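First the structure, in the form of structure tokens, and then the observations on it.
Numbering (our numbering), first residue to last: -12 to 256.
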């Protein structure tokens, strides 16, 4: 079975069309966690997915998962650092060459680094600002023309940000991280007002406590312990839970936008 047959659902004339058939997606932060899970969900739903991230070996492994799949789209690995605008523009060119114009962009790359304000390492603040906000801005900027063109042609067009419950609620010891996610929340509202009237859906998916490798590399040991305790106090979300929410949102009819979706473990309240 060729990829065209698999993706189009024409093999034998019996396979139903998948909900994201024909769409071209980009997912940042796809080396692990929510980004990798989202790339899998979108590809399984029929989209061809460019998986962007810094760890090329993990992206290659992710892409190979789709090689023997009977249905769905492909995953193409595109190693890049979202903090580098020149590199992101080059990555966009690679995506266009390999898959074509993009109509679905998920900005999932992020870092979560805690610490009391008076003790935290400012280099970690810089890193969170660079990835959580600047990298997210660059992702939208390099693909927004594609999204606007898709919308102008009457096709669905989505820009999805992966925010955080921390953008809505204060968590002591995580003030700078929460500030970056609050910025993402307000940016999403602004872009929704700017791009929504032109047919581009802008959504902000805000997970609560989620079990991923996020936070594993933070410097402050007390924050690592606090995060571990939050993840064991209740059954946390999984990366797949969040990815499923993204997949549901972008598969909705084009006139329906899950603009702000707060997704929390039941026990977190």
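For glycine and all other residues, C-beta sits at the position ideal for the given N, C-alpha and C. None of these values were measured; they are calculated from a predicted model.
DSSP three-state assignment for residue 246, whether helix, strand or coil: For the purposes of this step, residue 246 is taken as residue 259 along the chain shown, with counting starting at 1. If DSSP states are grouped into helix, strand and coil, residue 246 belongs with coil.
Since residue 24 contacts residue 227 with CB under 8 Å, what's their CB separation in whole angstroms? As a working mapping, residue 24 is identified with position 37 in the chain shown. As a working mapping, residue 227 is identified with position 240 in the chain shown. 5 Å between Cβ atoms; contact.
Can you tell me whether residue 187 is buried or exposed? The criterion is at least 16 other CB atoms within 10 Å of its CB, across all chains shown. By one-based count along the chain shown, residue 187 stands at place 200. Under this definition residue 187 is a buried residue.
With three or more beta-carbon pairs closer than 8 Å as the criterion, would you say the region 88 to 98 touches the region 147 to 154? yes
DSSP on residue 188, reduced to helix/strand/coil? Looking up residue 188 in the chain shown gives position 201. Residue state, collapsed to three classes: strand.
Cβ pair residue 134, residue 182 closer than 9 Å: Here residue 134 refers to the residue found at position 147 when the chain shown is read from its first residue. Here residue 182 refers to the residue found at position 195 when the chain shown is read from its first residue. Cβ distance < 9 Å, so residue 134 and residue 182 count as in contact.
Please identify the residue among 29, 244, 64 and 230 whose C-alpha is closest to the C-alpha of residue 184. As a first step, residue 184 must be located in the chain shown, where it is residue number 197. Nearest C-alpha to residue 184: 244.
If you check the beta carbons only, do residue 247 and residue 193 fall under 9 Å apart? To locate residue 247, count along the chain shown from 1; it is residue 260. To locate residue 193, count along the chain shown from 1; it is residue 206. The answer is yes: Cβ separation under 9 Å.
For the alpha helix (DSSP H) holding residue 208, just list the boundary residues, first then last. Counting from one through the chain shown, the residue named residue 208 turns up at place 221. It spans 208 to 220 - the alpha helix (DSSP H) in which residue 208 sits, taken as one unbroken run.
What does DSSP give as the partner residues of residue 62 in its beta bridges? Within the chain shown, the letter at position 75 stands for residue 62. Partner(s): 36.
What is the DSSP secondary structure of residue 68, reduced to helix, strand or coil? Translated into the one-based positions of the chain shown, residue 68 becomes position 81. Correct three-state label for residue 68: coil.
Give the straight-line distance between the Cα atoms of residue 249 and residue 167, rounded to the nearest whole angstrom. Here residue 249 corresponds to residue number 262 of the chain shown, with the count starting at 1. Here residue 167 corresponds to residue number 180 of the chain shown, with the count starting at 1. The straight-line gap from Cα to Cα measures roughly 16 Å.
Report the option in 86, 179 and 205 whose CA atom is closest to the CA atom of residue 113. In the chain shown, the residue the question calls residue 113 occupies position 126. Nearest C-alpha to residue 113: 205.
According to DSSP, is residue 227 part of a helix, a strand, or is it coil? Your numbering for residue 227 matches position 240 in the chain shown. Reduced to three states, the DSSP call for residue 227 is helix.
Would you kindly work out how many angstroms separate the C-alpha atoms of residue 105 and residue 169, rounded to a whole number? As a first step, residue 105 must be located in the chain shown, where it is residue number 118. As a first step, residue 169 must be located in the chain shown, where it is residue number 182. Cα to Cα, the separation comes out at about 21 Å.
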